[in-house]
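Chemist: Numbering (our numbering), first residue to last: 47 to 213.
We put the beta carbon where it would ideally sit given N, CA and C, even for glycine.
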Ligand SMILES: [Zn+2]
């Protein structure tokens with residue numbers, strides 16, 4: 047999913063981009079910026095291509111800038127957070143992919159800590175016989191290697207005592 051936040055004449059509107067989207071002063075444009083005299087009738091266009099969105103200038107009189115750089119006749123891929131400038135207006139491009147990506151990163155980090163501390167399927171501080179470590183509720187990792195049922199393991203950090211359960 048992609049959207050453009052259009053800032054023109056002190057006003058801000060959000061447009062979902064579902065297909066080829068033309069920006070200009072003409073009534074035929076999906077995004078019509080009729081109040082900006084520096085914008086051509088058909089100024090620029092955003093086209094979906096696979097998972098990408100491509101920006102192309104439609105031979106406009108004043109050109110199209112991407113993050114401050116003239117794109118000229120090039121067709122350029124948009125990335126989330128990009129700012130397209132046309133006339134005195136700005137188009138802020140965003141994809142839902144940024145949020146998805148951040149969530150995937152959080153999941154990956156959580157998975158990494160689960161593996162690191164052996165927390166999967168085991169609540170904090172619980173002693174499982176045969177495991178070589180346990181994670182105390184204070185976060186310290188204690189070694190239980192070589193301990194037998196009934197023996198105690200003390201946390202060096204918070205002094206909590208854990209008893210190794212039976213087999
Ligand atoms: Zn502890």
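Where does residue 88 fall in DSSP's three states?
Modeler: Residue 88 falls in the coil class under three-state DSSP.
Chemist: Under the criterion of a Cβ to heavy atom distance below 7 Å, does residue 206 qualify as lining ligand 1?
Modeler: It does: the Cβ of residue 206 is within 7 Å (strictly closer) of some heavy atom of ligand 1.
Chemist: For ligand 1, is there a heavy atom less than 7 Å away from the beta-carbon of residue 95?
Modeler: Not under cutoff, so the answer is no.
Chemist: What residue does the beta strand (DSSP E) around residue 66 start on, and which one ends it?
Modeler: Careful: residue 66 lies outside any beta strand (DSSP E) and carries neither H nor E.
Chemist: Count the other CB atoms, across all protein chains shown, that sit within 10 Å of the CB of residue 209; report buried if there are 16 or more and exposed otherwise.
Modeler: Classification of residue 209: exposed, given that the 10 Å Cβ count is below 16.
Chemist: Quick check: the Cα distance between residue 193 and residue 201, rounded to an integer number of angstroms?
Modeler: The straight-line gap from Cα to Cα measures roughly 14 Å.
Chemist: Residue 57 by DSSP, collapsed to three states: which one?
Modeler: Note: residue 57 maps to strand in three-state DSSP.
Chemist: Where does residue 200 fall in DSSP's three states?
Modeler: Three-state result, residue 200: strand.
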